[in-house]
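Q: Just so it is clear: in the sequence shown, position 241 is 240 by numbering that gives the first Met the number 0, and no numbers are missing.
By construction, the Cβ of each residue, glycine as well, lies at the ideal position given by its N, Cα and C atoms.
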Amino acid sequence: MTRLDPPDTAGSPFAPPPGWEEDDLEAALAAFRRMDGHPLAIPARAATSARAFFETRFSLGRSLAARITGYYEPELPASLTRSPEFPIPVHALPEGGCTLRRADIDTRLSGGVLAWLRDEVDRFFLQVQGSGRLRLPDGTVLRLGYGGSNGRAYRSIGQILIERKVFGLDLTAERLKAWLRADPTRGRALMDENPSYVFFRIHDGPPGDGPLGTMGCPVTAGRSVACDPGHTPLGTPVWIEAPGLARLCIAQDTGSAIKGPGRLDLFHGTGDAAGAAAGEMNLAGRMTPLLPR
Numbered sequence: 000m001t002r003l004d005p006p007d008t009a010g011s012p013f014a015p016p017p018g019w020e021e022d023d024l025e026a027a028l029a030a031f032r033r034m035d036g037h038p039l040a041i042p043a044r045a046a047t048s049a050r051a052f053f054e055t056r057f058s059l060g061r062s063l064a065a066r067i068t069g070y071y072e073p074e075l076p077a078s079l080t081r082s083p084e085f086p087i088p089v090h091a092l093p094e095g096g097c098t099l100r101r102a103d104i105d106t107r108l109s110g111g112v113l114a115w116l117r118d119e120v121d122r123f124f125l126q127v128q129g130s131g132r133l134r135l136p137d138g139t140v141l142r143l144g145y146g147g148s149n150g151r152a153y154r155s156i157g158q159i160l161i162e163r164k165v166f167g168l169d170l171t172a173e174r175l176k177a178w179l180r181a182d183p184t185r186g187r188a189l190m191d192e193n194p195s196y197v198f199f200r201i202h203d204g205p206p207g208d209g210p211l212g213t214m215g216c217p218v219t220a221g222r223s224v225a226c227d228p229g230h231t232p233l234g235t236p237v238w239i240e241a242p243g244l245a246r247l248c249i250a251q252d253t254g255s256a257i258k259g260p261g262r263l264d265l266f267h268g269t270g271d272a273a274g275a276a277a278g279e280m281n282l283a284g285r286m287t288p289l290l291p292r
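In structure tokens form, the structure reads like this:
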């Protein structure tokens, strides 16, 4: 039994929320169709109208307050060999796992290196996003997906700086990166305060697809959200509302920082522009799950 209980009026006709008729519901249905294992995968593929599919197959759950942030798939310069330009390793999960703290991994973990990055800031933000595309010197692209973690709790270093009054609530990812790089020793010490460490695996999906989400399907820019599955089951369509935002998304991913009811992370796509938009998104709004009838 999920934690998303239907309202008492779950059997009544679908009552579209404000903005529903203006939304591109076909884009939401296209994202929904990527979930091969979903119980409604076959009806979704057979549907000729996205609006009819969602309105007849689902009812609106209870709306709740939401905090909506953004994530993306970074593109970073990298190399398959270590050099002065690329000294920072990106590790695969060791056989048998790893429980070392972030501060101990580089000195105590050997082997299993997938690629080398320019600096620890690139690696840290690659780990925060959980996937990425690495541009190699010969022009080829190596795609990495989430491969596991050291099992330690995630701690937001941006929130640490806000609590210490180094920055205000308007802190963005780009300002944080600049602060970390301005003094590498200071930056490394702060990054080590987040004990969580993410490992990667090579992802060989089609170039046009987004990274694989927790559900095992590619996530879709503007339509896939990461959620806390303890509160919002994966595969749930979610209507989100915030200033300048009203659309139907699909809960297809998770994140170590995405915890609690009403906590969502919207996927913005790949590359620098997507990263800038994702880094600036921090909205207070509402979310309404769509629950199967």
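Mark A241 as exposed unless 16 or more other C-beta atoms lie within 10 angstroms of its C-beta, in which case mark it buried.
A: Here residue 241 refers to the residue found at position 242 of the sequence shown. Answer is buried; the Cβ neighbour count reaches 16.
Q: Please state the DSSP three-state secondary structure of P6.
A: Counted from its first residue, the sequence shown places residue 6 at position 7. Any reading at P6 is ruled out, since the residue's pLDDT is 49, under 50, leaving its predicted position unreliable.
Q: Would H267 and Y71 be called neighbours here (beta carbons separated by less than 7 Å)?
A: Reading the sequence shown from its first residue, position 268 is the one you call residue 267. Reading the sequence shown from its first residue, position 72 is the one you call residue 71. For H267 and Y71, yes; Cβs fall inside 7 Å.
Q: How is the alpha helix (DSSP H) around R174 delimited, first residue to last?
A: Here residue 174 corresponds to residue number 175 of the sequence shown, with the count starting at 1. Looking at the DSSP string, the run of the alpha helix (DSSP H) that includes R174 is A172 to A181.
Q: Is the separation between the beta-carbon of A91 and that of G60 shorter than 7 Å?
A: Taking the first residue of the sequence shown as 1, we reach residue 91 at position 92. Taking the first residue of the sequence shown as 1, we reach residue 60 at position 61. Cβ atoms of A91 and G60: not closer than 7 Å.
Q: Any idea if A43 is buried or exposed, counting beta-carbon neighbours within 10 angstroms, 16 or more meaning buried?
A: Here residue 43 refers to the residue found at position 44 of the sequence shown. The residue is buried, with at least 16 neighbouring Cβ atoms inside 10 Å.
Q: Count the other CB atoms, across all protein chains shown, that sit within 10 Å of the CB of T8; report buried if there are 16 or more and exposed otherwise.
A: Taking the sequence shown and counting its residues from 1, the one referred to as residue 8 is at position 9. For T8, the pLDDT reaches just 48, beneath the cut-off of 50, and the residue's location in the model is therefore unreliable, although a value from the coordinates is still provided. That one is exposed.
Q: Pop quiz: R132 and T269 are said to be a contact at Cβ under 8 Å. What is the actual Cβ separation, rounded to whole angstroms?
A: By 1-based counting over the sequence shown, the position of residue 132 is 133. By 1-based counting over the sequence shown, the position of residue 269 is 270. About 6 Å; that satisfies the 8 Å criterion.
Q: Please list the terminal residues of the continuous beta strand (DSSP E) segment that includes I201.
A: The residue you call residue 201 lines up with position 202 of the sequence shown. Residues V197 to I201.
Q: Could you round the C-beta distance between A352 and R285 to whole angstroms and report it? I think they count as a contact, below 8 Å.
A: Beyond the ends of the chain as shown, which are 0 and 292, falls residue 352; an answer cannot be given.
Q: Give me the DSSP bridge partner(s) of Y376.
A: This structure does not reach residue 376, given that the chain is present from 0 up to 292, and the question cannot be answered.
Q: What separation, rounded to the nearest whole angstrom, lies between the Cα atoms of G204 and D191?
A: For the purposes of this step, residue 204 is taken as the residue at position 205 of the sequence shown. For the purposes of this step, residue 191 is taken as the residue at position 192 of the sequence shown. Near 32 Å, if we compare the C-alpha coordinates of D191 and G204.
Q: Distance check for T47 and G95, CA to CA, integer angstroms please.
A: Working through the sequence shown from its first residue, we reach residue 95 at position 96. Working through the sequence shown from its first residue, we reach residue 47 at position 48. G95 and T47: Cα-Cα distance of roughly 47 Å.
Q: Whole angstroms is fine: what's the gap from R200's alpha carbon to G234's?
A: Taking the first residue of the sequence shown as 1, we reach residue 200 at position 201. Taking the first residue of the sequence shown as 1, we reach residue 234 at position 235. So the two alpha carbons sit approximately 24 Å from each other.
Q: Between the Cα of P73 and those of L79, W238, P210 and C97, spot the shortest distance and give me the residue it belongs to.
A: Here the question's residue 73 lines up with position 74 in the sequence shown. Among L79, W238, P210 and C97, the Cα nearest to that of P73 is on P210.
Q: Only counting runs of 3 or more residues, tell me where the beta strand (DSSP E) segments fall wholly within the stretch 7-81, in order along the chain.
A: As far as the stretch 7-81 is concerned, its whole beta strand (DSSP E) runs of at least 3 residues are 57-59, 63-72 and 74-78.
Q: Please determine, among T253, R292 and C216, the residue with the shortest C-alpha to C-alpha distance to F31.
A: The count along the sequence shown starts at 1 and reaches residue 31 at position 32. Measuring from the Cα of F31, the nearest candidate turns out to be C216.
Q: Within the continuous alpha helix (DSSP H) that includes R101, where are the two ends?
A: For the purposes of this step, residue 101 is taken as the residue at position 102 of the sequence shown. R101 to R107 is the extent of the alpha helix (DSSP H) around R101.
Q: Go ahead and label D121 buried or exposed: buried means 16 or more other beta carbons lie within 10 angstroms of its beta carbon, across all protein chains shown.
A: Counted from its first residue, the sequence shown places residue 121 at position 122. Flag for D121 reads buried.
Q: Determine the DSSP secondary structure at A277, reduced to helix, strand or coil.
A: By one-based count along the sequence shown, residue 277 stands at place 278. It is helical.
Q: Below 7 Å between beta carbons: does that hold for E54 and F85?
A: Position 55 of the sequence shown, counting from 1, holds the residue named residue 54. Position 86 of the sequence shown, counting from 1, holds the residue named residue 85. No, these two residues do not count as a Cβ contact at 7 Å.
Q: Using the rule of at least 16 other Cβ atoms within 10 Å of the residue's Cβ for burial, across every protein chain shown, is L24 buried or exposed?
A: Looking up residue 24 in the sequence shown gives position 25. Buried.
Q: Any chance the CB of G131 is under 6 Å from a heavy atom of the ligand GTP?
A: Although the ligand GTP was asked about, the structure shown includes no ligands whatsoever.
Q: Is G167 helix, strand or coil by DSSP?
A: In the sequence shown, counting from the first residue as 1, residue 167 sits at position 168. Note: G167 maps to coil in three-state DSSP.
Q: What did DSSP end up calling T1 once you bin it into helix, strand or coil?
A: Sequence index remark: in the sequence shown, residue 1 carries index 2 (1-based). Residue confidence for T1 is low, a pLDDT of 43 falling below 50, so the modelled location carries little weight and cannot support an answer.
Q: Below 6 Å CB to CB, which residues in the same chain sit around G18 once its five sequence neighbours on both sides are set aside?
A: Here residue 18 corresponds to residue number 19 of the sequence shown, with the count starting at 1. The residues are A245.
Q: If we count Cβ pairs, one from each stretch, closer than 8 Å, do we get three or more for the stretch 251-260 versus the stretch 222-232?
A: Taking 8 Å as the limit for Cβ pairs, the verdict is that the stretch 222-232 does touch the stretch 251-260.
Q: Just the Cα atoms here: how many angstroms apart are T139 and M34?
A: Position 140 of the sequence shown, counted from the start, is the residue given in the question as residue 139. Position 35 of the sequence shown, counted from the start, is the residue given in the question as residue 34. Those two C-alpha atoms are separated by around 29 Å.
Q: Consult DSSP for F85 and reduce its assignment to one of helix, strand or coil.
A: As a first step, residue 85 is located in the sequence shown; it is residue number 86 there, counting from the start. F85: coil per DSSP, three-state reduction.
Q: What's the C-alpha gap between T1 and P288?
A: Translated into positions along the sequence shown, residue 1 becomes position 2. Translated into positions along the sequence shown, residue 288 becomes position 289. Bear in mind that a pLDDT of 43 at T1, under 50, signals an unreliable position, so the model cannot answer this.
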